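Here is the structure we will look at.
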Amino acid sequence: MEYPNVVQDRDEKFLTKAIEEAYKGVECGHGRPFGAVIVCNDEVVVSCHNMVSIYKDPTAHAETTAIREACNKLDRIELSDCEMYASCEPCSMCFGAIELSRIKRLMYGAKAEAAIAMGYKAAISDALRGTGVNQTTEIEIKQADGNLAIVAEQACNKLNRTELSDCNMYASCEPCSMCFSAIQISGIKRVMYGAKADTARAMGYRSPISDALRGTGVYQTAADLEIKQANHNLVIIAEEIFEKFPKSSA
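Position 208 of the sequence shown, counted from 1, bears residue number 208 in full-length UniProt numbering, the numbering being contiguous throughout.
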């Protein structure tokens, strides 16, 4: 049994490391001031920061980078025995990635509003805050309190943006909540898709439906993004992909 003070001490230790990563990312010129640490059995698996600038990748947030590196290091695609410590409340894309990786517990420092106030395009996750219609979560979520939250908020500084605002996306299937958030973050102006997410789910795929895409979110909306599903014949062709490759055989 872990006593409250012991849990608080370990939480403070790992979250402090995530905040340090946020500063490190800026000092290295790698990206924006966000950090994330993944822990397994009280040992740090990876400690990462935002890599958007150096990778020229608008989806290379601290949390998604940490998940990729942890999966590579542990040689598996599920992190159900791991926890994540993030310097700031994960955006909807990152929280979608956290859910897909099956991380069991999340602790974060600053709220998303602190990043938004500093000019960041931080899409608030309805699933994380419990306000989604289609998106819900079973992850244990905790925000830091007191001085640690203040320290995390101080890490937020405005940097350059990486966008694809002159681009369109064509997807074979309705983007999941993580992918749709990535589309929004990238600044893509139009998305067209074939099969609905329900088709993928019926064939065994874990495809979280996006409240933002379907217009059922409280915090997440599609804003100025143009969204269109393909016409009937193309939809049928797109759905046949899942019939040919059901989850059990993929």
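All residues carry an ideal CB built from backbone N, CA and C; glycine is no exception.
No experiment lies behind these values; they were computed from the predicted model shown.
| Asked | Found |
| --- | --- |
| Residues that DSSP places opposite residue 228 in a beta bridge | 192 |
| Strand pairing of residue 135, partner residues [DSSP] | Answer is none; residue 135 lacks a bridge partner. |
| 6 Å Cβ shell around residue 167 - same chain, five flanking residues per side excluded | 188 |
| Presumed contact (8 Å Cβ cut-off) between residue 135 and residue 145, rounded CB distance | Not quite, the Cβ-Cβ distance comes to about 26 Å (not below 8 Å), so this is no contact. |
| Rounded straight-line distance, which links the Cα of residue 143 to that of residue 111 | 8 Å |
| DSSP three-state assignment for residue 38, whether helix, strand or coil | strand |
| Meets three-Cβ-pair contact criterion under 8 Å: the segment 33-41 and the segment 59-73 | yes |
| Assigned secondary structure, residue 47 (DSSP; H/G/I helix, E/B strand, else coil) | strand |
| Where residue 25 falls: helix, strand or coil (DSSP) | helix |
| Status (buried if at least 16 other CB within 10 Å, exposed otherwise) for residue 245 | exposed |
| Which listed residue (27, 31, 91 and 47) has its alpha carbon closest to that of residue 219 | 91 |
| Residues that DSSP places opposite residue 93 in a beta bridge | Partner(s): none; residue 93 has no beta bridge. |
| Delimiting residues of the alpha helix (DSSP H) encompassing residue 178 | 177-186 |
| Identity of the residues DSSP links to residue 167 by a beta bridge | Paired residue(s): none; residue 167 is not in a bridge. |
| C-beta neighbour in chain E for residue 196, strict 8 Å | In the structure shown, chain E cannot be found, because there is only a single protein chain. |
| Where residue 52 falls, given that 16 or more other Cβ within 10 Å makes a residue buried | buried |
| Contacting residues, own chain, Cβ-Cβ under 7 Å from residue 15 (five flanking each side not counted) | 85, 107, 109, 144 and 148 |
| For residue 21 and residue 45, the rounded distance between their alpha carbons | 14 Å |
| Residue 95 to residue 183 span [Cα, whole Å] | 14 Å |
| Test item: CB-CB of residue 197 and residue 174 under 8 Å | yes |
| When 229, 101 and 141 are compared against residue 130, the one with the closest alpha-carbon | 141 |
| Alpha-carbon to alpha-carbon, residue 99 and residue 205 | 14 Å |
| Exposed unless 16 or more other CB atoms sit within 10 angstroms - verdict on residue 76 | exposed |
| Proximity to residue 193 [Cα-Cα], best of 185, 150, 48 and 237 | 237 |
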